[in-house]
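One structure below.
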Amino acid sequence: MKTLLSRTLVSLLLISLIVSCKHHEQQKAPVDKEAIKKDYLNESKAEFDERMAWWRNARFGMFIHWGPYAVPAGIHNGEKIKGIGEWIMLRAKIPIKDYEIYAKQFNPVNFNADAWAKLMKNAGMKYVVITSKHHDGFALWDSEVSSYDMVDFSTYGKDILKQLSQACKNHGIKFGTYHSIMDWHHPKAQSDTYTGDREINEEDKEEFKDYLENYLKPQIKELITQYDTDILWFDGEWVNEFTHDQGKALYQYVRELKPTIIINNRVDKGRQGMQGMTKDDADYAGDFGTPEQEILEGTASSDWESCMTMNDTWGYKSYDQNWKSASVLIHNLIDIVAKGGNYLLNVGPTAEGLIPQPSVERLTAMGTWLSTNGDAIYKTERLKNNFKQGEDLRFTKKKDTNTIYAITLKKPDKIVTLNSIEPEENSTINVLGYTSDLKWEYSKESGLIIHLPEDILSSWNENSFAWCFKIIGKEIQ
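The structure is reproduced here in structure tokens:
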């Protein structure tokens, strides 16, 4: 009996301890998941550099502006509308219901995603950014948030982004999406830009906040989760309803969905006009600056990408034939890369789904040049002190090596003198695309003197565009 009583007391004591422990666990404060989220606005330099590495190495990408605006192609009610093609809804003051007719007619039966991806690859482009939704509000994918999209609204009825993202993946092209913060179609985002100059009141702000949280963000989530976009390229951030705090929150939201994604500076309010670089304030969000239709005059301490057209418009206009030459486009690429930037070159496909032939011809020429000279462009960085010598010489340096490229934008003379490059003793110098080594001599007083033989000089023609001298050495002051 005594033994039984002892066992009973021990059992009761154990039960009491178990109940007490469980009660203690229940009294613990719940884990605040919001509090332990990573602060992506303040990542370390090492983390930032790792995330940006592929983009910095890529140097050259394709921009695609495509949507219902390709249907009127710059002409509305028989009138040629001034300005860029994708802004025709605003410039021609087309009512939403009337513009929806163009969206309904959008039927790119000749669209071939694989052909587009091959063109990018053959042009030497490493990534693409396509307008998933421009300011007109029309989505190029099958959005669950809205029926105003390619599958539910247009005659075409197929998901453009699904086709293109898969084709790009097949051809090793990184896939990015442009997405407008502004929306001329959504009833709660009727910004002052579209409806005319007016003061933004509290009701406007609340409506825009609802649009931001319950329409814009869910669509962005679709782009990331369904299409695995590598770049989110925002635009339309200048509308008054959108705030700096909302921009930072949007950046954080996107990075939480995909930590490795790269986001331009138009996610926030820090961009300084068309020059595109962020104001000198570390509080603004965004991974890279976005000069538009211009190239920085010099270098910058932060990452940047010049987005530019081949003619005068982004979206297709049937009568815009003011095409830049292949020479200008290649020289733009060289100049941008020498200054440490990327080149995002635009095409505006037709309503039928064809990239205009002048664009194809120029991209083909660029690809041919890059097939020989790509080593001077990809995986390079700018020199610390001099990105150029005079007006016709640019420099790049292969990352993590002592290889420097001097790129001449015009046919050189028999003797080329470089003032700031010291070659390694007994090293060789050659022109990319030519196997023969060039004669050279160097002194601190005279600089590096390179001799070009007549057989090489005589091969320069209208399709040479630029020559790249490969030099093993270092930059000097």
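Per this note's numbering, the sequence shown starts with residue 1293, numbered consecutively. Each residue gets a CB set at the ideal place from its N, CA and C atoms; glycine is no exception. Please read these numbers as outputs of a predicted model, since none were measured by experiment.
Count the other C-beta atoms from every protein chain shown that fall within 10 angstroms of the C-beta of Pro1704, then say buried if there are 16 or more, exposed otherwise. Stepping through the sequence shown from its first residue, residue 1704 is reached at position 412. Buried, because 16 or more other Cβ atoms sit within 10 Å of the Cβ of Pro1704.
Could you check whether Phe1757 and Ala1618 sit closer than 8 angstroms to each other, using their CB atoms as the reference points? Within the sequence shown, residue 1618 is the residue found at index 326, counting from 1. Within the sequence shown, residue 1757 is the residue found at index 465, counting from 1. Their beta carbons are under 8 angstroms apart, which means Ala1618 touches Phe1757 by this criterion.
Residue interval of the alpha helix (DSSP H) (run including Met1344): Sequence index remark: in the sequence shown, residue 1344 carries index 52 (1-based). Per DSSP, Met1344 belongs to the alpha helix (DSSP H) from 1337-1350.
So what's Glu1529 in DSSP terms, helix, strand or just coil? Taking the sequence shown and counting its residues from 1, one reaches residue 1529 at position 237. In the displayed model, Glu1529 falls within coil according to three-state DSSP, outside both helix and strand.
With DSSP as the reference, label Pro1400 as helix, strand or coil. Looking up residue 1400 in the sequence shown gives position 108. If DSSP states are grouped into helix, strand and coil, Pro1400 belongs with coil.
Span of the alpha helix (DSSP H), counted from its first residue to its last, around Ser1651: Mapped onto the sequence shown, residue 1651 falls at position 359. 1649-1665 is the span of the alpha helix (DSSP H), which, as asked, contains Ser1651.
Please state the DSSP three-state secondary structure of Ala1541. To locate residue 1541, count along the sequence shown from 1; it is residue 249. DSSP places Ala1541 in helix when its eight states are reduced to three.
Cβ shell of Leu1524 (< 8 angstroms), same chain only, five flanking positions each side left out: Residue 1524 sits at position 232 when you count from the first residue of the sequence shown. Closer than 8 angstroms at Cβ, skipping near neighbours: Gly1468, Thr1469, His1471, Ile1512, Leu1515, Ile1516, Val1546, Ile1553, Ile1554, Ile1555, Asn1556, Val1559.
Taking the DSSP output, what are the residues bridged to Pro1715? For the purposes of this step, residue 1715 is taken as the residue at position 423 of the sequence shown. Beta-bridge pairing links Pro1715 to Gly1765.
In or out: Met1417 buried (at least 16 other Cβ within 10 Å) or exposed? As a first step, residue 1417 must be located in the sequence shown, where it is residue number 125. Buried is the call here.
What residue range does the beta strand (DSSP E) around Met1600 cover? Translated into the one-based positions of the sequence shown, residue 1600 becomes position 308. Element bounds for Met1600: 1597-1600.
Let me check one thing: in DSSP terms, what residues is Tyr1470 bridge-paired to? As a position in the sequence shown, residue 1470 is number 178, starting the count at 1. Tyr1470 pairs with Thr1423, Trp1525.
Beta-carbon separation (whole angstroms), Ser1728 vs Asn1678, contact threshold 8 angstroms: In the sequence shown, the residue the question calls residue 1728 occupies position 436. In the sequence shown, the residue the question calls residue 1678 occupies position 386. Not quite, the Cβ-Cβ distance comes to about 27 angstroms (not below 8 angstroms), so this is no contact.
If I follow the unbroken alpha helix (DSSP H) through Glu1514, where does it start and stop? Looking up residue 1514 in the sequence shown gives position 222. Element bounds for Glu1514: 1509-1519.
In its own chain, which residues sit with a C-beta less than 8 angstroms from the C-beta of Glu1494, not counting the 5 before and 5 after it? Locating residue 1494 in the sequence shown gives position 202, where the first residue counts as 1. Closer than 8 angstroms at the Cβ level, and outside the excluded window around Glu1494, lies no residue.
Take the Cβ of Lys1676 as the centre, count every other Cβ of all protein chains shown within 10 Å, and call the residue buried at 16 or more, exposed below. Counting from 1 along the sequence shown, the entry for residue 1676 is found at position 384. Lys1676 is classed as exposed because its beta carbon has fewer than 16 other beta carbons within 10 Å across all chains shown.
Which first and last residues belong to the beta strand (DSSP E) in which Ile1707 is found? Walking along the sequence shown from the start, residue 1707 turns up at place 415. Boundaries of the beta strand (DSSP E) harbouring Ile1707: 1707-1710, taken from the DSSP string.
Exposed or buried, which one is Thr1693 when buried takes at least 16 other CB atoms within 10 Å? Numbered from 1 along the sequence shown, position 401 holds the residue referred to as residue 1693. Thr1693 is exposed by the Cβ-count criterion.
Cβ neighbour criterion (16 or more within 10 Å) applied to Ala1415: Within the sequence shown, the letter at position 123 stands for residue 1415. Of the other Cβ atoms in all chains shown, 16 or more fall within 10 Å of the Cβ of Ala1415; this residue is therefore buried.
Please report how far the alpha carbon of Ile1356 lies from the alpha carbon of Asp1747, in whole angstroms. Indexing the sequence shown from 1 puts residue 1356 at position 64. Indexing the sequence shown from 1 puts residue 1747 at position 455. Note on geometry: alpha-carbon atoms of Ile1356 and Asp1747 lie some 41 angstroms from one another.
Tell me which residues share the same chain as His1426 and place their Cβ nearer than 6 angstroms to its Cβ, disregarding the 5 neighbours each side in the sequence. Here residue 1426 is taken as the residue at index 134 of the sequence shown, counted from 1. Gly1359, Glu1378, Ser1472, listed in sequence order.
Taking one C-beta from the stretch 1595-1612 and one from the stretch 1569-1584 each time, how about it: are there three or more such pairs within less than 8 angstroms? The stretch 1595-1612 vs the stretch 1569-1584: in contact.
DSSP three-state assignment for Asp1441, whether helix, strand or coil: Within the sequence shown, the letter at position 149 stands for residue 1441. Collapsing the DSSP output to three states places Asp1441 in a strand.
What residue range does the beta strand (DSSP E) around Glu1746 cover? On the sequence shown, residue 1746 is found 454 positions in, with the first residue counted as 1. Taken as a continuous stretch (DSSP letters only), Glu1746 belongs to no beta strand (DSSP E), being part of the alpha helix (DSSP H) at 1746-1749.
Determine, using beta carbons only, whether Lys1762 and Tyr1670 come nearer to each other than 8 angstroms. If you number the sequence shown from 1, residue 1762 lands on position 470. If you number the sequence shown from 1, residue 1670 lands on position 378. Not in contact: Lys1762 and Tyr1670 (Cβ atoms no closer than 8 angstroms).
Residues near Pro1364 in its chain [Cβ-Cβ closer than 7 angstroms; skip 5 each side]: Within the sequence shown, the letter at position 72 stands for residue 1364. If we look at Pro1364 and ignore the five residues flanking it on each side, its Cβ neighbours are Ile1380, Tyr1394.
Can you name the start and end residues of the alpha helix (DSSP H) that Ile1696 belongs to? The residue you call residue 1696 lines up with position 404 of the sequence shown. Premise fails: Ile1696 lies in the beta strand (DSSP E), 1695-1700, not in any alpha helix (DSSP H).
Confirm, please, whether the CB-CB distance from His1536 to Lys1571 is below 8 angstroms. For this step, residue 1571 is matched to residue 279 along the sequence shown. For this step, residue 1536 is matched to residue 244 along the sequence shown. Judged by their CB atoms, Lys1571 and His1536 are not nearer to each other than the 8 angstroms cut-off.
According to DSSP, simplified to helix, strand and coil, what is Val1639? For the purposes of this step, residue 1639 is identified with residue 347 of the sequence shown, where counting begins at 1. It is a strand residue.
For the beta strand (DSSP E) that Glu1733 lies in, which residues bound it at each end? Within the sequence shown, the letter at position 441 stands for residue 1733. Looking at the DSSP string, the run of the beta strand (DSSP E) that includes Glu1733 is 1731-1735.
Is it right to say Ser1738 is buried, meaning 16 or more other beta carbons lie within 10 angstroms of its own, or is it exposed? What you label residue 1738 is simply residue 446 of the sequence shown in a count that begins at 1. Counting of Cβ neighbours within 10 angstroms places Ser1738 among the exposed residues, the total staying below 16.
Report, in whole angstroms, the separation of the C-beta atoms of Lys1540 and Leu1333, which I expect to be a contact under 8 angstroms. Translated into positions along the sequence shown, residue 1540 becomes position 248. Translated into positions along the sequence shown, residue 1333 becomes position 41. With a Cβ gap of about 6 angstroms, Lys1540 and Leu1333 count as contacting.
Taking DSSP as the reference, what is the three-state secondary structure of His1463? Taking the first residue of the sequence shown as position 1, residue 1463 is located at position 171. In this structure, His1463 counts as coil in the three-state DSSP scheme.
Just the Cα atoms here: how many angstroms apart are Met1354 and Ala1409? Sequence index remark: in the sequence shown, residue 1354 carries index 62 (1-based). Sequence index remark: in the sequence shown, residue 1409 carries index 117 (1-based). Their backbone Cα atoms lie some 10 angstroms apart in a straight line.
For Gly1725, which residues of its own chain have a beta-carbon under 6 angstroms away from its beta-carbon, when the five flanking residues on both sides are left out? Here residue 1725 corresponds to residue number 433 of the sequence shown, with the count starting at 1. Here the set comprises Thr1664.
Cα separation between Val1437 and Val1629? One-based indexing of the sequence shown puts residue 1437 at position 145. One-based indexing of the sequence shown puts residue 1629 at position 337. Their Cα atoms are separated by approximately 39 angstroms.
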